[in-house]
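Participant: Quick note on the UniProt record's numbering: the sequence shown kicks off at 1 and runs consecutively.
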Amino acid sequence: LCCECGQFHLLLDNHLYNFQDEVDDELICHICLQPLLQPMDTPCGHTYCFKCLENFMQEYNFCPMDRKKLSFQQCHKSSLLVRNLLDKLVVLCPFKAECQQIMQRCELEAHLQNRCPGFKKYKSELQRKKNPVSKGKEDPPAKVEPNTAKDPEVPSGGSSLVAESSAAAVVSLGTAEPGLVNPAFEETEEGENLPQRTSLVAETNTIEIHREDLEEELGMRIVGGKDTPLGNIVVQEVLRDSVIAADGRIAPGDHILEVNGVNISSVTHCQAVSFLRHPGPVLHLMVLQEKGFSNKTAQQDSSSAMNREVIHVTLIKRDRSEPLGIKLIRKTDEAGIFILDMLEGGLAAKNGKLSRNDRVLSINGQDLRQGTPETAAQIIQTTESRVNFVVLRQPGVQLSDPVEDGITSNNSSSSSNGGSPVHHRRRLDQNHYRRKSNYQKGYVSHEKTVAIKKEPKESLGITIGGGRDNKNKLPIYVTSVQPIGCLFRDGRIKRGDVLLSINGIDLTHLNYYEAVSALKSNAASHSVVLKALEIISVNSAEPSLDIKEQGFSWSPLWITWLGLPSHLHCCQDIVLSKGNLESWGFSIVGGFEESKGNQPFFIKTIVPGTPAFRDRKLKCGDEIVAVNGVPAIGMSNSELIPMLKEQRNKVTLTVVSWPGSLV
Numbered sequence: 001l002c003c004e005c006g007q008f009h010l011l012l013d014n015h016l017y018n019f020q021d022e023v024d025d026e027l028i029c030h031i032c033l034q035p036l037l038q039p040m041d042t043p044c045g046h047t048y049c050f051k052c053l054e055n056f057m058q059e060y061n062f063c064p065m066d067r068k069k070l071s072f073q074q075c076h077k078s079s080l081l082v083r084n085l086l087d088k089l090v091v092l093c094p095f096k097a098e099c100q101q102i103m104q105r106c107e108l109e110a111h112l113q114n115r116c117p118g119f120k121k122y123k124s125e126l127q128r129k130k131n132p133v134s135k136g137k138e139d140p141p142a143k144v145e146p147n148t149a150k151d152p153e154v155p156s157g158g159s160s161l162v163a164e165s166s167a168a169a170v171v172s173l174g175t176a177e178p179g180l181v182n183p184a185f186e187e188t189e190e191g192e193n194l195p196q197r198t199s200l201v202a203e204t205n206t207i208e209i210h211r212e213d214l215e216e217e218l219g220m221r222i223v224g225g226k227d228t229p230l231g232n233i234v235v236q237e238v239l240r241d242s243v244i245a246a247d248g249r250i251a252p253g254d255h256i257l258e259v260n261g262v263n264i265s266s267v268t269h270c271q272a273v274s275f276l277r278h279p280g281p282v283l284h285l286m287v288l289q290e291k292g293f294s295n296k297t298a299q300q301d302s303s304s305a306m307n308r309e310v311i312h313v314t315l316i317k318r319d320r321s322e323p324l325g326i327k328l329i330r331k332t333d334e335a336g337i338f339i340l341d342m343l344e345g346g347l348a349a350k351n352g353k354l355s356r357n358d359r360v361l362s363i364n365g366q367d368l369r370q371g372t373p374e375t376a377a378q379i380i381q382t383t384e385s386r387v388n389f390v391v392l393r394q395p396g397v398q399l400s401d402p403v404e405d406g407i408t409s410n411n412s413s414s415s416s417n418g419g420s421p422v423h424h425r426r427r428l429d430q431n432h433y434r435r436k437s438n439y440q441k442g443y444v445s446h447e448k449t450v451a452i453k454k455e456p457k458e459s460l461g462i463t464i465g466g467g468r469d470n471k472n473k474l475p476i477y478v479t480s481v482q483p484i485g486c487l488f489r490d491g492r493i494k495r496g497d498v499l500l501s502i503n504g505i506d507l508t509h510l511n512y513y514e515a516v517s518a519l520k521s522n523a524a525s526h527s528v529v530l531k532a533l534e535i536i537s538v539n540s541a542e543p544s545l546d547i548k549e550q551g552f553s554w555s556p557l558w559i560t561w562l563g564l565p566s567h568l569h570c571c572q573d574i575v576l577s578k579g580n581l582e583s584w585g586f587s588i589v590g591g592f593e594e595s596k597g598n599q600p601f602f603i604k605t606i607v608p609g610t611p612a613f614r615d616r617k618l619k620c621g622d623e624i625v626a627v628n629g630v631p632a633i634g635m636s637n638s639e640l641i642p643m644l645k646e647q648r649n650k651v652t653l654t655v656v657s658w659p660g661s662l663v
């Protein structure tokens with residue numbers, strides 16, 4: 001139960017309120033379909049809740065209403081007038097059995113904490129229930145069974161689908177390739193007969209990409225290269241509404257083997273970026289694509305399809321603004337819309353006929369088999385009373401419980417009193433802890449102090465990116481130095497420099513908005529002292545990548561982030577859960593080797609259909625810092641692999657995630 005709104009909701013979701021009157025449509029967020037909380041305006045003229053927009057922008061790069069390209073940094077808080085109007089909306093106390101008070105929305109939290117008899121009764125009952133069971137209920141230590149199972153033999157020809165240069169991408173049972181976790185192998189506690197997971201299925205495909213604009217970016221992020229432990233060039237992310245996304249054949253985790261007939265499986269990261277950024281109307285790519293484990297028979301697939309059933313469910317809203325309490329998502333591996341979760345106490349949960357992982361075929365007669373959650377939300381929001389769902393259900397299949405990782409924020413106040421909502425979130429990210437590492441292969445960092453005398457009204461003349469509110473928790477860096485302003489005239493601050501402080505004010509912990517504010521306020525001084533970090537390539541033979549970039553803001557290459565000192569890294573915890581018969585579904589490379597010394601562990605592949613794939617938080621190129629709190633630095637792969645295999649049903653991976661290079 002949230003102590004600020006008095007209702008049940010997930011930590012990542014907005015507060016819930018019982019409004020006395022119907023709220024004007026202009027004050028409704030078109031993502032959550034509830035009255036706006038901490039409203040944020042987009043450049044295209046739409047307004048959304050801060051949390052709704054932030055969560056949406058972590059996965060997409062367009063406005064939910066008109067699908068115009070958008071980044072979270074372009075959005076800003078709504079006017080004070082709008083925030084005050086929202087705060088004055090009249091709500092009912094949620095404990096209506098013991099309390100019939102009505103008040104403005106901004107007054108509810110204080111009412112609950114200080115005056116509400118219902119909330120006071122709830123807290124005392126909760127405390128009474130907790131105390132008897134709070135002692136002696138710790139989980140018993142996990143039993144580690146001796147490893148008696150033997151690795152099955154590798155089927156003959158199991159690797160025939162793989163090019164020699166990328167054999168690490170297909171992992172068969174019994175593979176003992178150094179630096180690679182075999183995601184197909186899992187021991188069982190009882191040693192019972194399991195479905196045979198003989199090998200990972202992968203295939204190479206040649207894909208032809210056409211571009212009308214010869215210099216248009218492909219719209220994908222890549223990691224890897226022969227100068228990194230990853231070796232191959234791997235697709236980390238495909239940006240929505242891009243050339244690659246429109247083609248639809250390339251997915252995250254694909255290994256790029258050739259570009260226009262040139263083998264890039266043994267080139268450096270910068271060379272691969274140069275090949276992929278080369279302008280032209282047609283691009284020929286040879287890619288290695290994993291298809292998952294070969295453990296399903298045609299008979300199983302057909303029986304699975306026969307078991308599916310179509311279900312009709314009708315939910316009745318008391319008024320148009322009443323939320324259904326459903327969270328809808330899209331999957332990366334299957335078209336359509338799926339039910340991720342239902343809010344406890346919400347309309348759908350009370351009805352009880354919809355289930356998690358149901359695929360939504362239609363709402364009120366509108367076909368959504370190829371639809372989006374945004375389209376579904378608009379249909380629901382415009383419906384006055386009856387919402388008719390047609391869903392497809394496969395018995396026994398459920399999404400795993402949502403897990404809270406290091407990115408979750410605590411419930412924040414609904415009062416929009418001018419404080420920065422991003423600032424409130426940053427203070428709660430305490431589990432993004434720092435770690436030690438000495439890996440800076442290819443790039444080194446150099447700290448510099450720049451002192452400048454200037455006119456008070458003269459601008460610094462730079463634009464910035466990053467911020468600790470960014471999904472990758474990046475430090476603040478310079479995206480451009482404009483030909484006006486004192487820094488361009490001075491010449492020592494360059495694009496790509498990481499800003500550490502200005503006039504003694506630390507910038508390394510700030511989010512984007514706080515950094516902009518700090519830079520602007522200090523730019524009004526007669527003198528400015530900037531401390532910055534310049535990341536320099538140790539290989540002068542690398543190709544120049546300072547080319548014209550359109551469509552997206554400039555950002556540093558993925559490999560340059562590896563040269564960042566470890567005290568500027570922000571880690572996050574990712575919790576994976578699996579069944580007894582599953583593998584975790586990812587492979588790793590790196591670790592200590594006598595010939596190479598300490599190297600980080602990187603995620604190299606994520607296997608379709610596995611827990612790591614379904615969770616969607618782990619990405620190729622992520623660096624593993626710790627497993628269940630045990631630091632991985634200094635370990636060899638032969639030490640880390642058993643640690644991962646010992647975890648039966650749950651594992652916490654602490655990772656550093658850098659955005660891949662945009663091509």
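All C-beta atoms in this analysis are idealised placements derived from N, C-alpha and C, irrespective of residue type, glycine included.
Using beta-carbon positions only, say whether residue 40 and residue 27 come within less than 7 Å of one another.
Facilitator: no
Participant: Could you please give the first and the last residue of the uninterrupted alpha helix (DSSP H) stretch that includes residue 273?
Facilitator: 269 to 276
Participant: Does the Cβ-Cβ distance between residue 511 and residue 467 come in under 7 Å?
Facilitator: yes
Participant: Bridge partners for residue 445 per DSSP, in chain order?
Facilitator: 535
Participant: Do residue 2 and residue 14 have their beta-carbon atoms positioned less than 7 Å apart in this structure?
Facilitator: Cβ distance not < 7 Å, so residue 14 and residue 2 don't count as in contact.
Participant: From the DSSP output, in three-state form, read off residue 49 for me.
Facilitator: Of the three classes helix, strand and coil, the one that applies to residue 49 here is strand, per DSSP.
Participant: Which full runs of the alpha helix (DSSP H) of 4+ residues lie inside the region 310 to 385, going along the chain?
Facilitator: 347 to 351 and 373 to 382
Participant: Is it true that the CB of residue 465 sits closer than 7 Å to the CB of residue 477?
Facilitator: yes
Participant: Hey, is the region 43 to 52 in contact with the region 62 to 70, meaning 3+ C-beta pairs nearer than 8 Å?
Facilitator: yes
Participant: Contact defined as beta carbons within less than 8 Å: I believe residue 532 pairs with residue 506. What is the distance between those atoms, to the nearest angstrom?
Facilitator: Residue 532 to residue 506, Cβ: 13 Å. No contact.
Participant: Within the same chain, show all residues whose beta-carbon is closer than 7 Å to that of residue 486, passing over the 5 residues directly before and after it, in chain order.
Facilitator: 452, 454, 458, 460 and 461
Participant: Under 8 Å by Cβ, that's how I've got residue 90 and residue 104 pegged, so tell me the actual separation to the nearest angstrom.
Facilitator: 6 Å
Participant: Quick one: what's residue 662 bridged to in DSSP?
Facilitator: 221
Participant: Starting from residue 501, trace the alpha helix (DSSP H) in both directions and tell me its first and last residue.
Facilitator: Per DSSP, residue 501 belongs to no alpha helix (DSSP H); it is in the beta strand (DSSP E), 498 to 502.
Participant: Beta carbon of residue 284, beta carbon of residue 208: below 7 Å?
Facilitator: yes
Participant: Can you pull the DSSP bridge partners for residue 631?
Facilitator: 626
Participant: Can you tell me whether DSSP reads residue 393 as helix, strand or coil?
Facilitator: strand
Participant: Give every residue of the same chain whose Cβ lies closer than 8 Å to the Cβ of residue 282, excluding the five residues on either side of it in the sequence, and list them in chain order.
Facilitator: 208, 209, 210 and 211
Participant: My parser needs the alpha helix (DSSP H) runs of 4 or more residues fully inside the UniProt domain "PDZ" (573 to 659); what are they?
Facilitator: 611 to 615 and 637 to 646
Participant: Between the beta-carbon of residue 231 and the beta-carbon of residue 620, is there less than 7 Å?
Facilitator: No, Cβ-Cβ distance for residue 231 and residue 620 is not below 7 Å.
Participant: Which value, in whole angstroms, describes the spacing of the CA atoms of residue 449 and residue 471?
Facilitator: 29 Å
Participant: Figure out for me which residue from 524, 343 and 339 has the closest Cα to the Cα of residue 361.
Facilitator: Of 524, 343 and 339, the residue nearest in Cα terms is 339.
Participant: State the Cα-Cα distance for the pair residue 604 and residue 118, rounded to the nearest angstrom.
Facilitator: 52 Å
Participant: Starting from residue 80, follow the beta strand (DSSP E) in both directions and report where the run begins and ends.
Facilitator: From DSSP, residue 80 is part of no beta strand (DSSP E) but of the alpha helix (DSSP H) over 80 to 87.
Participant: Should residue 654 be labelled buried (16 or more other beta-carbon atoms within 10 Å of its own) or exposed?
Facilitator: buried
Participant: Please report the distance separating the alpha-carbon of residue 264 from that of residue 225.
Facilitator: In a straight line, the C-alpha of residue 264 is about 8 Å away from that of residue 225.
Participant: Pick from 629, 83, 106 and 372: whose alpha carbon is nearest that of residue 574?
Facilitator: Of 629, 83, 106 and 372, the residue nearest in Cα terms is 629.
Participant: Which residue from 558, 595, 648 and 656 puts its Cα closest to that of residue 571?
Facilitator: 656
Participant: Determine the closest residue to residue 566 out of 526, 22, 527 and 633, with distance taken between C-alpha atoms.
Facilitator: Of the candidates 526, 22, 527 and 633, the one whose C-alpha sits nearest the C-alpha of residue 566 is 633.
Participant: Assuming contact is defined by CB atoms lying nearer than 7 Å, are residue 475 and residue 568 in contact in what I supplied?
Facilitator: Yes, the Cβ-Cβ distance between residue 475 and residue 568 is below 7 Å.
Participant: Name the two residues that bound the continuous beta strand (DSSP E) containing residue 477.
Facilitator: 474 to 481
Participant: Scan the region 198 to 267 and note each continuous alpha helix (DSSP H) run of 4 residues or more that stays entirely inside, going in chain order.
Facilitator: 243 to 247
Participant: Report buried or exposed for residue 206, applying the criterion of at least 16 other Cβ atoms within 10 angstroms of its Cβ.
Facilitator: By the neighbour-count criterion, in which a residue is buried when 16 or more other Cβ atoms sit within 10 angstroms of its Cβ, residue 206 is exposed.
Participant: Just list the residues that DSSP pairs residue 283 with in beta bridges.
Facilitator: According to DSSP, residue pairing for residue 283 in a beta bridge involves 209.
Participant: Give the DSSP-derived three-state secondary structure of residue 8 in the structure shown.
Facilitator: Coil at residue 8, not helix or strand.
Participant: Could you tell me the distance, in whole angstroms, from the CA atom of residue 278 to the CA atom of residue 260?
Facilitator: 10 Å
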